[in-house]
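S.K.: Got a structure for you, questions after.
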């Protein structure tokens with residue numbers, strides 16, 4: 001199997017989606033000739049033409065509205081929001097319109113839209129680019145929020161997202177674009193939405209995480225192994241809706257849990273996971289659930305972001321606290 | 001020596017202000033007194049006798065629907081209702097220029113256009129009451145009345161681009177009010193459609209009030225139409241009380257768009273003679289009765305009636321007979337709406353995502369178990 005970067009997997013998935021279904025179109029700021037500011041759509045306009053892959057004027061709300069309008073002509077748009085920090089400009093299209101669309105039309109119309117967008121910190125972007133804003137969309141009924149952690153998942157989940165008739169917010173961790181490589185199966189395949197993945201098996205403690213923090217958690221698990229702590233890492237893959245069965249199986253196996261997220265602590269995905277575990281699996285717990293999250297401040301300026309972001313050491317410390325609890 | 005002689009013009013701010021004011025004369029074919037003031041334009045509109053009568057019937061339909069809806073709302077038998085009285089030409093005569101295959105993106109006051117497009121009356125009532133069956137549009141190329149002002153413009157731009165890419169001989173058309181022109185989406189919609197040369201027709205029905213805020217507080221622009229120019233669109237001011245002018249402008253705009261020339265923006269000069277909505281709005285808190293009376297003299301049914309009576313195409317008797325027919329249709333609509341099954345919470349969850357998540361499925365099962 002070929003080793004590919006995360007962003008190569010995303011480009012490949014879009015290439016296959018365009019080839020597989022003539023109703024798929026890709027648009028966003030600079031996605032055409034330039035291939036997007038991160039080259040996620042590199043070469044796709046040249047291959048599929050300007051009718052299939054094209055630039056938009058610089059206005060996120062217009063992009064969102066356009067995607068919604070195009071569904072009336074049976075298109076399946078993949079729209080790119082250049083950075084998820086810009087999502088506020090398109091919140092009505094996402095949360096007010098496409099999320100509610102199927103409901104409002106009483107199931108008679110669907111909104112098969114994929115909203116691709118990079119999120120997450122650690123790459124010294126200008127302010128308002130790097131926030132982890134998945135919570136904003138995950139609390140909105142009617143949206144699926146998918147956050148792949150590996151190149152293979154990025155490809156398989158993106159193709160599933162395109163096939164889904166539900167609107168999918170597909171959040172790509174900016175830090176992972178070129179920093180990780182992984183085996184990516186050839187050709188067209190889909191990875192099921194709503195299915196978490198036990199990416200590292202262990203028996204002592206479950207680290208439940210998603211997106212960029214999966215890699216931070218795996219690094220922490222390697223360090224913990226040296227101290228004799230066998231950590232399981234659960235990659236949620238989809239943060240809304242949650243795969244509670246996979247979470248439950250892991251909790252029942254280890255009895256100890258740490259949730260880890262890159263977003264700030266308040267009202268996060270981690271909080272949701274913790275509350276579901278408390279409600280459903282509390283009798284399996286041997287210790288209070290630990291949480292690793294960014295501090296509850298505004299996302300900091302570039303020079304300070306690596307101090308601020310949760311690190312492997314934070315996870316190691318929290319895991320030890322949970323494992324040593326009697 | 002080289003001479004650049006237009007610098008003075010660039011720096012002449014007064015000239016700019018004059019141009020803004022003078023650039024948008026209003027299209028009018030039928031004046032307040034029911035007289036044709038432009039025979040050429042009348043010919044260009046090309047409405048034959050049957051069409052004139054049909055248009056009048058649709059406008060009367062809209063007026064009767066307004067009157068009945070107002071009463072039903074007062075009786076608590078409707079939910080949200082936004083009065084349409086006075087805007088029949090702006091709404092109905094514009095809509096009359098479009099075809100079944102065209103896609104309509106209405107605002108919440110634009111119920112009559114949707115009904116004319118084939119949305120059954122009982123569904124309009126169910127929408128107003130807040131029942132999900134109202135929102136099943138079947139084969140009507142229409143969109144749910146938009147609540148978020150301006151969103152219909154960006155959505156119409158997308159539909160228009162889709163129609164162009166599918167090589168359909170159709171357009172998307174969207175309505176908002178004067179307040180809507182202050183929204184960012186208003187500009188983004190026109191600008192996107194313009195950038196893609198997509199076949200869209202955008203209407204701003206300038207009815208002078210956005211709830212209580214008068215038109216002059218929305219913008220310094222002397223004409224809302226000027227905002228279409230900002231996006232490069234042909235932009236017209238049309239007498240929104242004149243059905244023939246409204247039809248002509250809409251027909252020409254549609255043709256321009258279908259011919260591949262891109263979108264058009266139309267500002268209609270009309271007036272909201274009723275309240276903003278039937279949910280507690282009292283216009284006399286922010287406007288005078290005298291002002292309403294002045295505008296009432298210009299309302300479209302008066303002049304269209306006069307004109308058609310002069311042609312021998314309309315009479316009080318015809319109108320009364322037709323009103324009776326419309327009332328029956330509305331009675332049937334109310335009856336049908338009353339007979340609809342209660343909504344189910346399990347259904348709400350099922351209609352949210354096509355494939356529900358695990359927790360949502362548990363909730364569906366729970367509510368279904370309780371018969372809800």
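Chains as they are written, first to last, in UniProt numbering: chain H, 1 to 326; chain P, 1 to 372. Every residue gets a Cβ at the ideal spot worked out from N, C-alpha and C, and that includes glycine.
1) State whether the region 147-167 of chain P contacts the region 351-366 of chain P, with contact taken as three or more CB pairs (one from each stretch) at a distance under 8 angstroms.
2) Going along the chain, which residues of its own chain have a beta-carbon closer than 7 angstroms to the beta-carbon of residue 41(H), five neighbours each way excluded?
3) What residues in its chain sit with their C-beta under 7 angstroms from that of residue 230(H), if we drop five residues either side in the sequence?
4) Report yes or no: do the region 87-94 of chain H and the region 259-270 of chain H share at least 3 C-beta pairs separated by less than 8 angstroms?
5) Return the chain-ordered list of same chain residues with a C-beta closer than 7 angstroms to the C-beta of residue 60(H), the five sequence neighbours on each side being excluded.
6) Identify every residue that forms a DSSP beta bridge with residue 174(P).
7) Report the three-state DSSP secondary structure of residue 130(H) (helix, strand or coil).
8) Considering only the beta carbon of each residue, do residue 157(H) and residue 238(H) sit closer than 9 angstroms?
9) In terms of residue numbering, what span does the beta strand (DSSP E) encompassing residue 235(H) cover?
10) Quick test of the definition: if touching needs 3 or more C-beta pairs under 8 angstroms, does the region 267-277 of chain P touch the region 228-241 of chain P?
11) Could you check whether the region 90-100 of chain P touches the region 246-258 of chain P, counting it as contact only if at least three pairs of C-beta atoms, one from each stretch, sit closer than 8 angstroms?
12) Residue 228(P) touches chain H at which residues, Cβ-Cβ below 9 angstroms?
13) Report the residues of the region 161-174 of chain P with a CB closer than 8 angstroms to any CB of chain H, ordered along the chain.
14) Does DSSP put residue 22(H) in a helix, in a strand, or in coil?
15) Check residue 155(H) in the structure and name its three-state DSSP category.
16) So for residue 26(P), helix, strand or coil by DSSP?
17) Report, in whole angstroms, the separation of the C-beta atoms of residue 258(H) and residue 315(H), which I expect to be a contact under 8 angstroms.
18) Please say whether residue 69(P) and residue 81(P) have beta carbons closer to each other than 9 angstroms?
19) Please determine, among 323(P), 163(P), 189(P), 338(P), the residue with the shortest C-alpha to C-alpha distance to residue 74(H).
20) Run down chain P in chain order and give the residues with a C-beta less than 7 angstroms from the C-beta of residue 378(H).
21) Mind checking if residue 188(P) is an interface residue toward chain H, Cβ cutoff 9 angstroms exclusive?
22) Give a yes or no on whether the minimum CB-CB distance between residue 276(H) and chain P is below 9 angstroms.
23) Hey, could you find the ends of the beta strand (DSSP E) residue 121(P) is sitting in?
24) Only counting the same chain, and skipping five residues up and downstream in sequence, which positions put a Cβ closer than 6 angstroms to that of residue 193(P)?
25) Can you pull the chain P residues whose beta carbon is under 9 angstroms from the beta carbon of residue 49(H), in chain order?
26) Using the beta-carbon count (16 or more within 10 Å), is residue 226(P) buried or exposed?
27) Just grab the DSSP bridge partners of residue 171(H) for me.
28) Grab me the residues of residue 259(P)'s own chain with a C-beta within less than 8 angstroms of its C-beta, minus the 5 sequence neighbours each way, in chain order.
29) With a cut-off of 9 angstroms, does the C-beta of residue 219(H) fall near any C-beta of chain P?
30) Let's see if you can read the secondary structure: which residues bound the alpha helix (DSSP H) around residue 214(H)?
31) Excluding the 5 residues flanking residue 219(P) on each side, which residues of the same chain have their C-beta closer than 6 angstroms to its C-beta?
32) Taking the alpha-carbon positions, what's the residue 134(H) to residue 29(H) distance?
33) Starting from the C-beta of residue 191(P), find all residues in its chain whose C-beta is less than 6 angstroms away, skip the five residues before and the five after it, and write them out in chain order.
34) What's the gap between the Cα of residue 190(H) and the Cα of residue 162(H)?
35) Taking only runs that begin and end inside the region 264-298 of chain P, name each unbroken beta strand (DSSP E) of 3 or more residues, in chain order.
36) Out of 113(P), 108(P), 184(P), which has the shortest C-alpha to C-alpha gap to residue 62(H)?
M.R.: The relevant details are as follows:
1) Short answer: they don't touch.
2) 11, 14, 26, 31, 35, 53
3) 202, 203, 204
4) no
5) 81, 86, 89, 90
6) 105(P), 202(P)
7) coil
8) For residue 157(H) and residue 238(H), yes; Cβs fall inside 9 angstroms.
9) 231-235
10) A contact is defined here as three or more CB-CB pairs under 8 angstroms, and the region 267-277 of chain P meets this definition with respect to the region 228-241 of chain P.
11) Yes, the region 90-100 of chain P touches the region 246-258 of chain P.
12) Within chain H, no residue has its CB atom less than 9 angstroms from the CB of residue 228(P), the nearest being about 16 angstroms off.
13) So the list reads 161, 162, 163, 165, 166, 168, 172, given in the order they occur along the chain.
14) coil
15) helix
16) strand
17) 7 angstroms
18) The answer is yes: Cβ separation under 9 angstroms.
19) The candidate whose alpha carbon is nearest that of residue 74(H) is 163(P).
20) Since the displayed chain H opens at 1 and closes at 326, residue 378(H) lies outside it and no answer follows.
21) yes
22) Taking Cβ atoms only, chain P reaches closer than 9 angstroms to residue 276(H), which makes this a yes.
23) Taken as a continuous stretch (DSSP letters only), residue 121(P) belongs to no beta strand (DSSP E), being part of the alpha helix (DSSP H) at 121-129.
24) 157, 160, 200, 263
25) Simply none; closest approach about 11 angstroms.
26) buried
27) Beta-bridge pairing links residue 171(H) to 117(H).
28) Closer than 8 angstroms at the Cβ level, and outside the excluded window around residue 259(P), lies no residue.
29) no
30) 213-226
31) Excluding sequence neighbours, residue 219(P) sits near nothing in its chain.
32) Straight across, the Cα-Cα distance linking residue 134(H) with residue 29(H) is about 21 angstroms.
33) 231
34) 10 angstroms
35) With a minimum length of 3 residues, the unbroken runs of beta strand (DSSP E) contained wholly in the region 264-298 of chain P fall at 264-269.
36) 184(P)
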